[in-house]
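Here is the structure we will look at, set down as structure tokens.
2 protein chains.
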Amino acid sequence: MTKKYVYMFDEADWRNKKLFGGKGSSLILMSKLGLNVPPGFVITTEACRDFYLCRKKEIDSLVFEFEKNPPPEVRDEIMKRIWNAIDGLDLPEGLWEQIVEQMHRLEERSGKKFGGEDGTLLLVSVRSGAAVSMPGMMDTVLNLGLNDEAVKTLADLTGNEWFAYDAYRRFLQMFGKIVLEIKEEMFTEIWEEIKKRYNAKEDPEIPVEGLKEAVDRFKEVISKEWGIFPQDPWEQLRLAVKAVFRSWMNPRAIFYRMMNKISSDIADCTAVNVVTMVFGNMGWDSGTGVVFSRNPADGENKLYGEFLPNAQGEDVVAGIRTPMSIDEFRKRFPELYDELYRAAKKLEEVNKDVQDIEFTVENGKLYFLQTRNAKMTPLARVKTAVDMAKEGIISEKEALLKVSPEHVLRLLYPRIDPKVKAEPIAEGLPASPGAVSGKTVFHPDDAVEKARGGEKIILVRVETKPDDVHGFYASVGVLTSRGGMTSHAAVVARAMGKPAVVGAEAVEVHEEERYLKVRDVVVREGDFITIDGNTGKVYLGEVPTVTPGLIPELKELLNWADKYRKLGVRANADLPEDTRKALEFGAEGIGLLRIERMFRKPERLEVLRNVILAETREERIKRLEELTEMIKPDFKEILEIMDGKPVIIRLIDPPLHEFLPSSEEILHQIFDLKMRNGPREEIGKLERLYGRVKVLQEANPMMGHRGVRVGVTYPEIYYYLTKAMVEAAVELMEEGRNPKLEIMIPQVSEVNEIIYVKEKAILPMLKDVARVHGIEFMEEDRTAAYIFKMKDGREHKVLIGTMIECVRACLTADEIAKETAFFSFGTNDLTQATFSFSRDDAENKFIPIYLEEKILPDNPFQTLDVEGVGKLIEMCVRAGRAANPNIEIGICGEHGGDPASIEFLHKAGLDYVSASPFRIPVARLAAARAAVKEKLTEV
Amino acid sequence: MTKKYVYMFDEADWRNKKLFGGKGSSLILMSKLGLNVPPGFVITTEACRDFYLCRKKEIDSLVFEFEKNPPPEVRDEIMKRIWNAIDGLDLPEGLWEQIVEQMHRLEERSGKKFGGEDGTLLLVSVRSGAAVSMPGMMDTVLNLGLNDEAVKTLADLTGNEWFAYDAYRRFLQMFGKIVLEIKEEMFTEIWEEIKKRYNAKEDPEIPVEGLKEAVDRFKEVISKEWGIFPQDPWEQLRLAVKAVFRSWMNPRAIFYRMMNKISSDIADCTAVNVVTMVFGNMGWDSGTGVVFSRNPADGENKLYGEFLPNAQGEDVVAGIRTPMSIDEFRKRFPELYDELYRAAKKLEEVNKDVQDIEFTVENGKLYFLQTRNAKMTPLARVKTAVDMAKEGIISEKEALLKVSPEHVLRLLYPRIDPKVKAEPIAEGLPASPGAVSGKTVFHPDDAVEKARGGEKIILVRVETKPDDVHGFYASVGVLTSRGGMTSHAAVVARAMGKPAVVGAEAVEVHEEERYLKVRDVVVREGDFITIDGNTGKVYLGEVPTVTPGLIPELKELLNWADKYRKLGVRANADLPEDTRKALEFGAEGIGLLRIERMFRKPERLEVLRNVILAETREERIKRLEELTEMIKPDFKEILEIMDGKPVIIRLIDPPLHEFLPSSEEILHQIFDLKMRNGPREEIGKLERLYGRVKVLQEANPMMGHRGVRVGVTYPEIYYYLTKAMVEAAVELMEEGRNPKLEIMIPQVSEVNEIIYVKEKAILPMLKDVARVHGIEFMEEDRTAAYIFKMKDGREHKVLIGTMIECVRACLTADEIAKETAFFSFGTNDLTQATFSFSRDDAENKFIPIYLEEKILPDNPFQTLDVEGVGKLIEMCVRAGRAANPNIEIGICGEHGGDPASIEFLHKAGLDYVSASPFRIPVARLAAARAAVKEKLTEV
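Residue numbers (numbering that gives the first Met the number 0), protein chains in the order written: chain A, 0 to 938; chain B, 0 to 938.
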């Protein structure tokens, strides 16, 4: 017995989307709900798979090659080979018989004959419909069944010969192009010629004779290019089904799937829907429309869409007449509107999402052709999800799953002000989010120079290379005309957090001549443009941007997220203003305060430099005392803002000489002075500085004298830095506040490092502070917690913990856990060490190639490398918790704000993630989604 | 019941060395063998432990502080506290009664009375003796039992008043110093005064009156400093036993244990031996001697030692008379010699090692006082171990365990020619092995300058700092007057493989004035000295050195090693001459050939630079073609030398810009030219070079664009480098040879890197070479082995494997193993990545402190870090073998030549280690010892 490949819409289960495809399922569902769907049937995806089956291996390997995104000439060659492999494939066994049987049932039900007979006429559309929506990517044939006889019947039935021949000539063109693979120009040229001859601006101006001539000549083209046009509707149908099957493998579709990370496996291929034709162009009580159950731009709960009377879908696309809004449709066809409204709400309820519905009205009768979940702006996505949850259509958890962290992120990045009606001049790939305006510059050196003058620069290049990176630093955004989502420009811009649009192919970039051109528009160096890295759009001039921030619905959604997530969310914040922002975004503490960022102001940097350059311990201590007084107030302010919430302050992490000018810089200064016979003592001073910097210089600073190693070699530095923190906290304790200070030691690779700096610096400091303030001081046994007992009896803890960023710390976590109260994964450095990739060098020099060539699936500095780094994290969490069950484990690397990484970190059993203030809403949502998803898979 | 603390020599088990100490055991053993041992008993180490027990905690923590090697003032303070803790401790319960009982048994057996009575006199020595030998570190009291009466009895019994009073005054001085802790000068000053008064050059010239005066005045000193001298011999004994117990904790002993890594735990403390005195100074048929059962310098199987007639041990030490050799002793006392010879051989047989025997002859009767395993030169160690095995005294396996890899290493380093009789002027710590001569220089800058002039320089400093490291590079050896085995100078010298003597405290170094002084000897800058890093000795002038190489016995031993070891041993060799050396030393292949080392010659470097600086692919390929032709002959020669043995050639590993001049160097050149108005085009050329170098420059080259990443970005580089290797191999195949080429890809962190370079470079290259040579070519399924099938039917394989030096490679070894035929651990880089320590920076800037402060037990770049790196290796081996059971796993990092690491690597289940040619004998032995030890623990 052969498989059942074909199902009538009213006899199948709409939930089996994998078998029936998206469109098929929607037609089945609407039939089931009693909506008026034109009768028809669906040929399953299984049929399509079986169609390809005997060539699977060959196709798979060719698609694999194609997906490597080779140069165009290779791509064309691969496509040719794919078509060769597919060419001549026949329908799987038994399929045709089933199609014929179902067609007969259609004929019976409608009382019409396929291809026309007895004055009746059944025409059908043959439409593709894969399980995963790929709008516009695959093929559809309308009006199938027309031939030289049927067209007459159609004319008789409708009393409209013009309509009938117009339908026939359209059918021939579509059938010729899609099914018979004849170049479309061969038809359009003829059509243009006829139009010209009749001096017709629009199609309707052509008389019926013109249409008939077109029909004849189209058939001639087909004869010449393919063979006699098949008058037999069954033959047409058979050819059309095969053509739709084949369209799964057209280059457009493969490319789309590749870009959208959809599998090209034939197990996931397309279904085919054969549907009785209905006509929206049967007169002014007919028409075609699209309606959204809610506004897809702002989420308002109101039908939204448009209707074009006396037209078919194609006409809407052609855009010749302006369609009426749904409001107008409501006035003109109140009953149809009510029917539409009820259907929309019903479908929304069943599909649990906003619906995007295609319909046709034929002689006053409403037909539903398709429904699918609507694509929406991030704003609408958030608002509708929250509204639907409140209306009871979905649960809170479902709402959380509907909104992706990406949506939230987009709401927080600047974007083009939606109130402004700006027309883009070009569109590329949205490579790095955010919208920004700036003056165009076509060379990185110019960018640096202009930026020095304080101008906002957008760097425009054909493509970028490592040599251009200084230009990225100088610019507010980047635009390229070539390259994909993993091109150098895209990777570097994302790494730097700058908006970028890449591969905007319509933009001709003339780097040498310093201008760009889009069709007629010329933009010269210094002219303003605006790029939108959220959408990939490019605009002329300065288009206003907005940052929506936390709209009320998002706030509500995040409150729900907080209910369900298990991961805590803290902020990476270094200054009081960041801390306030973080609190506003919902941070539950500070997961990382980087002391070194407090030294960005020149006068502060000066003091730090003096500490580093000190040649004796005494001098160093003197400088450290100044430093302590300087930074203490900041610590106090931040601890006060976060009162009652944990604040992790990290001891200085970067190599010390990063705070000094580079030796080459000094060398340049020395030579400058020498060239112009500058003062000797000035030169001498610089030469001494040069000597000192050379001594501090390192071959690989990332793995050099930094982090806890500085604490070991100069315990006094740790003594004074921790003193500034602890004094700030103690002063607040004395004021009756509740500071929760946690001191973090970076770059630990061996537990003895911690024991040593505790003993040599931190413990003596704690005792000294307690003594000076006259407070009782205790060490909690085995917890790395130190307790200050105030005079009024209150107790405050100060915790000591470590950053886990060296591989060896993960491997010896059991030992380290015994000496620490908390772990915080520094996944930036941990990723560097695990791959032996220096981020500075890698993202510039080879990661783009690794991504393009698919050597790595993602940039591991953005999305956590689960296979490598993740394994270390899991080992560390397991060993750490076994040795110290009270240990608190979090992450403060950038991955703490990356949704995919958060899902892994949730599973790995961390206590919290810490992210930049901006990313906190994202992290809250991602954490909740991870928890909800886990629950789902548990069930 | 109290414990049994005291055992007569003839009633105990000599095997229980832990309980009876080394000396005690040897006395027990000799008694058991029927050798003539003076009667006596041993007080167990347990008694000593119980003596300390009530202060254990306090002592432990003080010793811990002491072992941190603090500055002298702190050390003194700690010692004071240790003595305070010990002071007033009493003998453990029941011990004294047992001692008294055993003393009475001694009296009974000898028929003499302790302290003299009835004209008899029993005198004893009280000697320390820990389980682990610490020669000279602890105290001994001789002639105990003498007092004002007994001295007269002694005079009567011997008929020699002079002898008796001399013994008495010696006893008083020794007892005063050791037991009563009176400064020795207080006695020696008196003695010198008396000597002067009698105008005596030597002691025997003093008349009995002088001795009697000394006795009286010594007793006065004791009265004043301590209290009335205890005339009661029992009281003397009690005090002496306590003193010997205490001597376990004298600073000298603690320091010795610390330096020799012997535990200072009281569980391991000293036993006390109480032995009847016999006198070598009873006349010319008496005397004292030391004999080795074989020559401890060269291992010759012949008694070796010396005998001083009519003398006590002290006199030998004083060196007043020249002792006779054993050969002379044989002539003079043939019967005694025979007795000695038989005893020596018997003891050798029982102790299974060369013996170092102390004996005394009293009135023609031979007494054995001690035997222990002899300390020998590395040469003697090797020769005697092999000889004893051949004689059947020990097994081959035991011989392997007797010779430490350190011994072998010392045989291979240059050392002072033993034929030369050179007197050292000073002695320090042997910080880095090898002996070398050079001109002294006292400042690193001077070293650099002098070395440029081609001179061999020894850098002499009080101590060294990171700022001095350029001086190390310029010097052939380093000498410091301060610092220990883990001081900066020691660590850096070992890391660079340069001989060093550190902490030679007798050497006064005047850095500013540029000379050194040892007592009267002054060595000025430019004068020659010779340092011996094997022994710590420093010599004036150029002392000839030798490198013994593989002596026949070592060859034999290594052949035995080859029988028992499971690990293979290969060489790290880069040039034909190294390869020959490696083969001679027993290498079974090449485990690492570093291509980059082939470019050290300037003309070759030039070609490589052109490859790197090429701006287009075409130019790069042109340059690569030149390069290929240049290096191919070397590959061919090496493959030919190693015919039939595997040769692993590694693709270029270091960052490319390491082959270019540094940007600062170029900058200097540019400015120089500018300052003297040099030619414009020259400047322009340099400026272009500068620009290119800046583009290639990296923040952290160790983790930058290097290794396989270069292969991914420039597949043509891999194509041509591997082509040179494969063509060399194919040409040899055609000549009928059997080259075994294995190509190693470095810096892999992800299996896709390997797949990519195989596909883009190696496989096309292999096919091209096969085609050009007209050979059949096949790919072996799933083994990363590629087969050339020659016209005569022979098949040759070329293997592709990878270096495991990135952490992620260990974590994803299962994936990588599927694509490779071999793994080779690059533990240098792996250690760097695991610790996040850049070796260049770490060994200079903070590892010395880490070792001094015991934050790390060893320098992880010398001895493999088992806890961290070792864990990764174990994971990798397990996962790799599971995924690919045929995979060959080795190590080519420096740890492959480190004995401690080799033991771990054996256990981890590697197939082979690869080490520098010099280290191959060491590796062969270490591998065998690991295998033999494992077998022992299995039983």
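Each residue gets a CB set at the ideal place from its N, CA and C atoms; glycine is no exception.
Model, not experiment: these values are computed from the prediction.
Pull up the distance between the alpha-carbon of residue i and that of residue j, whole angstroms please.
i	j	result
R66(A)	Y51(A)	In the sequence as displayed, the identity of residue 66(A) is Glu instead of Arg. Roughly 19 angstroms between the two C-alpha positions.
E64(B)	S246(B)	19 angstroms
G20(A)	K870(A)	38 angstroms
P295(A)	L909(A)	37 angstroms
K788(B)	R877(B)	33 angstroms
A163(B)	K151(B)	7 angstroms
L612(B)	D445(A)	25 angstroms
R74(A)	R880(A)	52 angstroms
L604(B)	H656(B)	12 angstroms
D857(B)	E818(B)	35 angstroms
F291(A)	E397(A)	20 angstroms
Less than 9 angstroms between the beta carbons of residue i and residue j, yes or no?
i	j	result
Y6(B)	G567(B)	no
G312(A)	T275(A)	no
L105(B)	L121(B)	yes
V419(A)	V273(A)	no
S431(B)	A492(B)	yes
A581(A)	P916(A)	yes
V646(A)	I589(A)	yes
Assign residue i to one of two classes, buried (16 or more other C-beta atoms within 10 Å of its C-beta) or exposed (fewer than that).
i	result
A922(B)	buried
V938(B)	Model confidence at V938(B) stands at a pLDDT of 46, short of 50, so the residue's coordinates are unreliable and nothing is read from them.
S222(A)	exposed
G825(A)	buried
P920(B)	buried
W13(A)	buried
T615(A)	exposed
W283(B)	exposed
K260(A)	exposed
H103(B)	exposed
So, under 8 angstroms CB-CB, residue i and residue j are touching, yes? Tell me the CB distance rounded to an integer number of Å.
i	j	result
V447(A)	G470(A)	7 angstroms
V709(A)	I651(A)	7 angstroms
A270(B)	V41(B)	5 angstroms
Indicate whether the contact test is met: 3 or more Cβ pairs, each with one atom in the region 762–772 of chain B and one in the region 835–848 of chain B, closer than 8 angstroms.
no
Specify whether the region 250–266 of chain B and the region 345–353 of chain B touch according to this definition: at least 3 beta carbon pairs, one from each stretch, less than 8 angstroms apart.
At 8 angstroms Cβ cutoff, the stretches do not touch.
Is it the case that the region 228–247 of chain A contacts the region 184–196 of chain A, given that we only count it when at least three CB pairs across the two stretches are under 8 angstroms?
no
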